[in-house]
Every structure is written in structure tokens, then in C-alpha cells.
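The block underneath contains the structure these notes are about, expressed in C-alpha cells.
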Amino acid sequence: MSNNITLRHLRAFVAIAEHGGYTAAARSLNIAQSALSRTIVEVEEELGTRLFERTTRRVVVTASGEQLLMNARRVLEEFDCALSRFQLYHSGLIGVVSLAALSSVASIMLPTVISEFRKARPNVRISVKDGFADEVVRYVSNGQVDFGITSFPQAKGRLVCERIAADSLMCICSKSHRFTGMETVSWNDLAGEDFVAFDPLSSIRACVDRALQIAEIQLGTITEARDVGTVAGLVSADLGVSAVPSLVLPMMQFCEFSQKKLVGPVVEREIYLVHDPQTPMPPAAGILMEMLRQGAMQGFRIPNGAKWVNDPKPDPAKKK
């Protein structure tokens with residue numbers, strides 16, 4: 013006996029058994045009765061046994077047919093369930109989305125977008141890794157995540173980055189600092205001030221250092237900290253002022269400090285979507301990426317001082 017029985021054969025056989033005859037089965041399968049008869053002949057010849065006995069009123073399944081019917085139903089059910097799961101996956105309704113993002117993006121920007129995403133896709137599991145800018149790019153490069161959201165991406169090779177948002181640098185100081193009485197703070201005002209700086213690995217540090225270098229500002233004593241909360245605490249204790257992006261401010265609200273618009277000039281930190289176009293991506297991840305690209309059009313909430321940016325011309329990521 014060879015093994016040439018297909019799903020088409022099994023569906024035809026099960027239909028006849030369940031409808032009790034060829035006419036009703038052919039109608040349910042939307043095929044000609046003659047074609048259905050030929051299909052059953054093929055199955056019986058392949059298996060070397062009769063599957064049906066015909067009476068004057070209906071078609072009766074034989075003992076061999078009963079054994080095949082039990083197995084055929086199980087095979088068809090498993091196949092149909094598997095196909096249904098694939099269709100759900102292909103439609104982005106199930107699966108896993110893994111992404112990496114800056115901590116400020118992960119905690120402030122992403123929740124609103126993910127919440128909207130999950131309304132239509134409650135069965136999609138989402139995994140978020142937060143980290144510094146270079147860590148985010150490394151996660152994407154190594155294939156550990158589907159895509160990343162970062163600032164000043166030091167990307168390599170085939171990675172692509174698309175600008176999706178930006179936020180402005182703000183000055184924060186203790187409640188007793190002289191800046192508290194000022195409406196705005198300029199970069200020149202920072203000259204000689206003790207300063208609480210982020211870790212050199214932080215994208216915030218890179219953004220601030222570049223602005224200070226352009227303005228040719230010399231700071232006073234610099235205290236470095238890695239954690240956003242630590243920076244906030246040090247500033248609140250009047251150990252120095254700092255410059256932080258708008259998206260970071262909500263993460264610091266447990267501390268008491270004053271925040272002032274930093275001008276002369278206003279400096280923005282650009283935020284990018286980073287992905288590898290040559291790495292297959294789960295459909296659900298592609299849908300979430302598109303929602304992030306359309307942040308402005310979708311009207312997702314974002315803190316004051318930050319904004320969504322639609323950039324229709326993604327370019328290969330370059331070192332910045």
C-alpha cells in the first residue's frame with residue numbers, strides 16, 4: 013500500500029459518512045457528485061478495502077471505514093486548528109513581539125501605544141527590554157529583539173533607522189537654586205554651574221555634551237549618575253543643575269525640583285525606530301512598528317516638550 017491519501021480524500025470521505033450519502037456530501041463540498049465518487053474510488057483503491065456499503069436508502073460506513081473515520085476526523089481537526097492558528101499569527105492576532113527601548117521611551121511613550129495595540133490584539137505577548145542607546149542597537153543587531161527605539165543610534169551595516177519622535181532638553185534645578193526665579197534658562201547660564209550629568213553611555217549625555225560643546229560652555233564640578241532617579245535626587249539636593257529630555261521628567265516626579273525651558277538654542281533629542289530589514293519579523297511586530305510610525309496621525313498622548321514626527325523617508329542608519 014502506498015501513501016497517496018490527501019486531505020482532499022479525507023474531507024470527501026468524512027463528508028459522505030456524516031451526510032449519509034453522496035448527493036448531500038457533494039453539495040456540502042460544492043463539487044460534482046461524479047467527482048466525489050471518483051475521489052472515494054481512489055481512496056478505496058489506495059487502501060485496498062471498501063469504505064461504504066450502499067443500501068436502498070443511504071450509504072453505510074463499513075468496519076474498515078469506521079476505523080478510518082475516527083482517524084480522519086482527528087487529522088482534519090488538527091490540521092484545521094493548526095491552519096487557524098497560522099492565520100491568526102499571519103494577521104498579527106497572536107504571537108510574541110520583542111522590542112528594546114530607552115527607559116524613558118519604554119515607560120512614557122510606549123504604554124499608550126501598546127495599550128491601543130492590545131485592544132485589538134489581546135492575545136499577543138509583548139516583551140520590552142530597556143537600556144542605553146547602544147544597548148538597544150546591539151539587541152537589534154544580534155537579533156534578540158524584533159526592533160528597537162533609541163536616540164543617536166550608533167548603527168551598523170544593514171540596520172535602518174526612522175525618526176518617529178523628538179523631545180526637548182529642559183533644565184532642572186533645586187527649589188533653592190537661583191534658576192528657580194527665571195522664566196527660561198539659556199545654555200550660557202550654565203557656564204560655571206555645578207552639574208549632574210548622566211552616565212557617558214547614556215544618549216542623554218551625548219546630546220547634552222554636544223550642545224555644551226557647540227555653545228562652548230565650561231561647567232563647574234560634574235557629578236555623574238547612571239539612573240534617572242539618582243540624577244533627580246542629586247539635583248533636588250542642590251548638588252548641581254542638569255539638562256534632561258522632556259520624556260525623562262515624568263520619571264523624576266518623586267523628587268522636588270524646578271524645571272525650566274532650556275533655550276538659546278532649543279535642543280531636541282531625536283528618537284528613532286531601528287530595525288533590520290533582512291530579518292524576518294512577526295506580523296504583530298510589523299503592526300506595532302507601523303503604529304509607532306503613525307504616532308502623530310494616531311494622536312497618541314505624549315508629554316509636553318515631546319512630539320511625534322512622521323518621517324516618510326527612512327534611511328540606512330548612520331553613525332552620528
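Residue numbers for the sequence shown follow this note's numbering, so the first one is 13 and each next one is one higher.
Virtual Cβ for every residue (Gly too), placed ideally from N, Cα, C.
Because the structure is a prediction, the values reported are computed rather than measured.
So for Pro-326, helix, strand or coil by DSSP?
By 1-based counting over the sequence shown, the position of residue 326 is 314. Residue confidence is low: Pro-326 scores 47 on pLDDT, short of 50, so the model does not pin down where it sits. No coordinate-derived value is stated.
Please name the residue or residues paired with Cys-93 in a DSSP beta bridge.
Along the sequence shown, one-based indexing puts residue 93 at 81. The partner list for Cys-93 (beta bridge, DSSP) is empty, contrary to what the question assumes.
Name the residue from Arg-39, Ala-112, Gln-99 whose alpha carbon lies nearest to the alpha carbon of Val-149.
Taking the sequence shown and counting its residues from 1, the one referred to as residue 149 is at position 137. Ranking Arg-39, Ala-112, Gln-99 by Cα distance to Val-149 puts Ala-112 first.
Where the alpha helix (DSSP H) containing Gln-230 begins and where it ends:
Residue 230 sits at position 218 when you count from the first residue of the sequence shown. Here Gln-230 belongs to no alpha helix (DSSP H), and DSSP marks it neither H nor E.
What does DSSP give as the partner residue(s) for Asp-288 in the beta ladder?
Numbered from 1 along the sequence shown, position 276 holds the residue referred to as residue 288. Beta-bridge pairing by DSSP links Asp-288 to no other residue.
Can you say whether Val-72 is buried or exposed, counting buried as having 16 or more other CB atoms within 10 angstroms of its CB?
Position 60 of the sequence shown, counted from the start, is the residue given in the question as residue 72. Under the 10 Å beta carbon count, Val-72 is surrounded by fewer than 16 other beta carbons and is classified as exposed.
Can you check whether the CB of Leu-171 is closer than 8 Å to the CB of Val-286?
Start at 1 with the first residue of the sequence shown, and residue 286 comes out as number 274. Start at 1 with the first residue of the sequence shown, and residue 171 comes out as number 159. One thing to note: Val-286 has its Cβ within 8 Å of the Cβ of Leu-171.
Cα-Cα separation, Gly-77 to Asn-135
Taking the sequence shown and counting its residues from 1, one reaches residue 77 at position 65. Taking the sequence shown and counting its residues from 1, one reaches residue 135 at position 123. Distance between the alpha carbons of Gly-77 and Asn-135 is about 40 Å.
Lys-131, DSSP secondary structure in three states
By 1-based counting over the sequence shown, the position of residue 131 is 119. In the three-state reduction of the DSSP assignment, Lys-131 falls in the helix class.
Once DSSP output is grouped into helix, strand and coil, what is the label at Ser-46?
The sequence position of residue 46 within the sequence shown is 34, counting from 1. In the structure shown, Ser-46 sits in a helix (DSSP, three-state: H, G or I).
Starting from the C-beta of Pro-324, find all residues in its chain whose C-beta is less than 7 Å away, skip the five residues before and the five after it, and write them out in chain order.
Locating residue 324 in the sequence shown gives position 312, counting from the first residue. Note that Pro-324 scores 45 on pLDDT, short of 50, meaning its location in the model is unreliable and no value can be drawn from it.
Within a Cβ cutoff of 6 Å, which residues of the same chain sit near Ala-227, ignoring the five residues on either side of it in sequence?
Along the sequence shown, one-based indexing puts residue 227 at 215. These residues qualify, in order along the chain: Trp-199.
Span separating the alpha-carbon of Gln-99 from that of Gly-311:
For the purposes of this step, residue 99 is taken as the residue at position 87 of the sequence shown. For the purposes of this step, residue 311 is taken as the residue at position 299 of the sequence shown. For Gln-99 and Gly-311, the distance between alpha carbons rounds to 30 Å.
Using CA atoms only, rank isn't needed, just tell me which of Ser-46, His-189, Leu-202, Val-53 is closest to His-21.
Position 9 of the sequence shown, counted from the start, is the residue given in the question as residue 21. Measuring from the Cα of His-21, the nearest candidate turns out to be Val-53.
If contact is defined by three or more beta carbon pairs under 8 Å, each pair taking one atom from either stretch, is the segment 124–134 in contact with the segment 79–99?
Flag = no, the segment 79–99 and the segment 124–134 do not touch.
Leaving aside the five residues before and after Lys-330 along the sequence, list all residues of the same chain whose C-beta is less than 6 Å from its C-beta, in chain order.
Indexing the sequence shown from 1 puts residue 330 at position 318. Its pLDDT being 43, under 50, Lys-330 is placed unreliably in this model, and the value from its coordinates should be taken loosely. Correct list: empty, nothing qualifies.
Roughly how many angstroms lie between the CA atoms of Glu-58 and Ile-17, to the nearest whole one?
Translated into the one-based positions of the sequence shown, residue 58 becomes position 46. Translated into the one-based positions of the sequence shown, residue 17 becomes position 5. Distance between the alpha carbons of Glu-58 and Ile-17: 7 Å.
What does the alpha-carbon distance come out to for the pair Val-157 and Cys-173?
As a working note, residue 157 is residue 145 in the sequence shown. As a working note, residue 173 is residue 161 in the sequence shown. One C-alpha to the other measures close to 15 Å.
State the start and end residues of the unbroken alpha helix (DSSP H) segment that holds Ala-37.
Reading the sequence shown from its first residue, position 25 is the one you call residue 37. That run of the alpha helix (DSSP H) goes 34–41.
Near Pro-326, what residues of its chain come up, given a Cβ to Cβ distance below 6 Å and the 5 sequence neighbours on each side ignored?
The residue you call residue 326 lines up with position 314 of the sequence shown. Annotation note: pLDDT 47 at Pro-326 (below 50); position unreliable, no value reported.
For Arg-70, count neighbouring C-beta atoms within 10 Å of its own C-beta (all shown protein chains included) and say buried if the count is 16 or more, exposed if not.
For the purposes of this step, residue 70 is taken as the residue at position 58 of the sequence shown. Answer is exposed; the Cβ neighbour count stays below 16.
Out of Met-263, Thr-233, Arg-133, Val-220, which one is the CA nearest neighbour of Pro-334?
With the chain running from 13 to 332 in the structure shown, residue 334 is simply not present.
Taking the CB atoms as reference points, tell me whether Ser-214 and Val-279 lie closer together than 8 Å.
Numbered from 1 along the sequence shown, position 202 holds the residue referred to as residue 214. Numbered from 1 along the sequence shown, position 267 holds the residue referred to as residue 279. Ser-214 is not a Cβ neighbour of Val-279, given a cutoff of 8 Å.
Who are Pro-257's beta bridge partners in DSSP?
Within the sequence shown, residue 257 is the residue found at index 245, counting from 1. Partner(s): Leu-181.
Give the range of the alpha helix (DSSP H) segment to which Leu-19 is assigned.
Stepping through the sequence shown from its first residue, residue 19 is reached at position 7. Its alpha helix (DSSP H) spans residues 19–31.
Going by C-alpha to C-alpha distance, which of Ile-314, Gly-193, Ala-297 sits closest to Pro-257?
For the purposes of this step, residue 257 is identified with residue 245 of the sequence shown, where counting begins at 1. Looking at the Cα atoms, Ile-314 is the closest of the given residues.
Beta-carbon proximity list for Ser-116, same chain, < 7 Å, skipping 5 on both sides:
On the sequence shown, position 104 is the one that residue 116 refers to. The answer, listed in chain order, is Pro-257, Leu-259, Val-260, Met-263.
Could you tell me which uninterrupted alpha helix (DSSP H) segments, each at least 4 residues in length, are contained entirely in the segment 56–128, listed from first to last along the chain?
DSSP runs (the alpha helix (DSSP H)) wholly in the segment 56–128: 75–102.
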